[in-house]
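Everything on this sheet refers to the single structure shown next.
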Amino acid sequence: MEFRLERIVVAACTPKTHQPVFHAILTEANIPPRYLEFVNIREHCSFVHQALEIRGKANKKAIELIRAGIA
1 MEFRLERIVV AACTPKTHQP VFHAILTEAN IPPRYLEFVN IREHCSFVHQ ALEIRGKANK
61 KAIELIRAGI A
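Using full-length UniProt numbering, the letters of the sequence shown correspond one by one to residues 1 to 71.
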């Protein structure tokens, strides 16, 4: 691999619909699918914290989830 990837973190929606697509792309690029980590910020942050007064908390939660996905 050109960039010596250790992990790919995707912060998006549910992996149910998108994970197979990413796995296919990784397989085609000869990157092991185990390098992929999905962080579901849509359902775990955006949808459950829609009120304006708590959107800042949703952003903080998303950042924490992404950091956990990287760790």
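Think of the CB as a built atom: it goes at the ideal place given N, C-alpha and C, for glycine as much as any other residue.
Contact check between the segment 6-20 and the segment 33-50: three or more CB pairs, one atom from each, fall below 8 Å, which counts as touching.
According to DSSP, residue pairing for leucine 36 in a beta bridge involves Ile8. Here cysteine 13 carries a coil assignment [DSSP, helix/strand/coil].
Between arginine 42 and the set Arg4, Ile66, Arg7, the nearest pair of CA atoms involves Ile66.
Distances from the alpha-carbon of alanine 68 to those of Thr27, Ile31, Arg7 put Arg7 closest.
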